[in-house]
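Colleague: First, the structure itself, so that you have it in front of you.
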Amino acid sequence: MEPYNFNVGQITESLICWIKDWFLKNGNSCTKAVLGISGGKDSTVVAGLLVKALGKERVIGVLMPNGEQPDIEDSLSVVKHLGIKYFVVNINNAYKGLTSEIKEQTGLDLTPQYLTNTPARLRMTTLYGIAANIGNCRIANTCNRSEDVQGYSTHYGDSAGDFAPLSKLTTEEVVAIGDYIGMPFTLTHKVPSDGMCGKTDEDNLGWKYSEINKVIRLNEKGEHYDAIIKRYNGMKFKLDIVRIPAFQPNLPDYFFETYNF
């Protein structure tokens, strides 16, 4: 493995240039970026990067509560901080309608997998629906490398999109970029959770993102190393199927160098 040195200024400026170049090659100067705003660090940082790269008039945020969202003020603070246009689309009626129809037609009980993944897929459908009606839009994927190598995203939900600014950057690097571009500290350092089960992402995984990040950048074999590799092997089909154009930082990556993804 190469020595790991994360130069936040250099990486951030390269990332902003990458976004600009991607939009020049995949649309035109009028193309808008659409992204879901959850109030967490990833969508917060992506929104800030898009404004830096494209200007606030070309960035559209979409808030998508499923019924009541206790931390929706965090989402609102992002769009207000950046001064971008935004929509609030409550997916609850769509979710309840679809769920009711599935239960009625199949007679099946709802599984935790359904309850977790269906709202995420409806949110991605919402983003593409809004983009189709506005026209000439591209959808931002907001996943990061630490989540992706553990399969901690919904297949064809938040794992989808047209371009991926953060998918090769770890959680710690995303936080550093958010701080560098001046996004609100309380959001960039917000503890990640799915907002549904009351647990943090790290509670659900059983290990910390910092340990995953040490595997990614240093191939450091900590307490949960074997479990992290096992989970990656069980979930990497998601990465194999959905390969979104992504910013590629010049940083060591154990999973890429070992598994070529």
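Those letters in the sequence shown? Residues 152 to 412, per this note's numbering, in order. Every residue, glycine too, gets a C-beta built ideally from N, C-alpha and C.
1. Once DSSP output is grouped into helix, strand and coil, what is the label at residue 288?
2. DSSP on residue 152, reduced to helix/strand/coil?
3. Whole angstroms are fine: how far does the CA of residue 326 sit from the CA of residue 152?
4. Does the separation of the CB atoms of residue 290 and residue 202 fall below 7 Å?
5. Measuring CA to CA, which of 257, 321, 408 and 398 is closest to residue 313?
6. To the nearest angstrom, how far is the alpha carbon of residue 353 from that of residue 383?
7. What does DSSP give as the partner residue(s) for residue 315 in the beta ladder?
8. Quick check on DSSP: helix, strand or coil for residue 366?
9. In the DSSP assignment, what are the bridge partners of residue 212?
10. Can you say whether residue 362 is buried or exposed, counting buried as having 16 or more other CB atoms within 10 angstroms of its CB?
11. Using DSSP with H/G/I as helix, E/B as strand and the rest coil, what is residue 277?
12. In whole angstroms, what is the alpha-carbon distance linking residue 407 and residue 377?
13. Residue 264: which of 306, 251, 295 and 242 sits nearest, CA to CA?
14. For residue 217 and residue 240, I'd like the C-alpha separation in whole angstroms.
15. Give the straight-line distance between the Cα atoms of residue 205 and residue 171, rounded to the nearest whole angstrom.
Modeller: To lay it out plainly:
1. As a first step, residue 288 must be located in the sequence shown, where it is residue number 137. The answer is strand: DSSP assigns residue 288 an E or B state.
2. Stepping through the sequence shown from its first residue, residue 152 is reached at position 1. For residue 152, the pLDDT reaches just 43, beneath the cut-off of 50, and the residue's location in the model is therefore unreliable, although a value from the coordinates is still provided. Secondary structure of residue 152 (DSSP, three-state): coil.
3. In the sequence shown, the residue the question calls residue 152 occupies position 1. In the sequence shown, the residue the question calls residue 326 occupies position 175. For residue 152, the predicted model reports a pLDDT of 43, less than 50, meaning its position is unreliable and no value from the coordinates is stated.
4. Locating residue 290 in the sequence shown gives position 139, where the first residue counts as 1. Locating residue 202 in the sequence shown gives position 51, where the first residue counts as 1. In this structure, residue 290 keeps its C-beta atom at 7 Å or more from the C-beta atom of residue 202.
5. Residue 313 sits at position 162 when you count from the first residue of the sequence shown. Cα-wise, what sits closest to residue 313 is 398.
6. For the purposes of this step, residue 353 is identified with residue 202 of the sequence shown, where counting begins at 1. For the purposes of this step, residue 383 is identified with residue 232 of the sequence shown, where counting begins at 1. Residue 353 and residue 383: Cα-Cα distance of roughly 15 Å.
7. Locating residue 315 in the sequence shown gives position 164, where the first residue counts as 1. BP columns for residue 315 point to 397.
8. Position 215 of the sequence shown, counting from 1, holds the residue named residue 366. Looking at residue 366 - three-state DSSP - the assignment turns out to be helix.
9. Taking the first residue of the sequence shown as 1, we reach residue 212 at position 61. Among the bridge pairs identified by DSSP, residue 212 is matched with 186 and 237.
10. Position 211 of the sequence shown, counted from the start, is the residue given in the question as residue 362. Looking at its Cβ environment, which holds 16 or more other Cβ atoms inside 10 Å, residue 362 is buried.
11. Indexing the sequence shown from 1 puts residue 277 at position 126. Note: residue 277 maps to helix in three-state DSSP.
12. If you number the sequence shown from 1, residue 407 lands on position 256. If you number the sequence shown from 1, residue 377 lands on position 226. For residue 407 and residue 377, the distance between alpha carbons rounds to 17 Å.
13. Taking the first residue of the sequence shown as 1, we reach residue 264 at position 113. Checking every option, the nearest Cα to that of residue 264 belongs to 306.
14. Here residue 217 refers to the residue found at position 66 when the sequence shown is read from its first residue. Here residue 240 refers to the residue found at position 89 when the sequence shown is read from its first residue. As the crow flies, the alpha-carbon of residue 217 is around 9 Å from that of residue 240.
15. One-based indexing of the sequence shown puts residue 205 at position 54. One-based indexing of the sequence shown puts residue 171 at position 20. Across the structure, residue 205 and residue 171 are spaced so that their CA atoms are roughly 7 Å apart.
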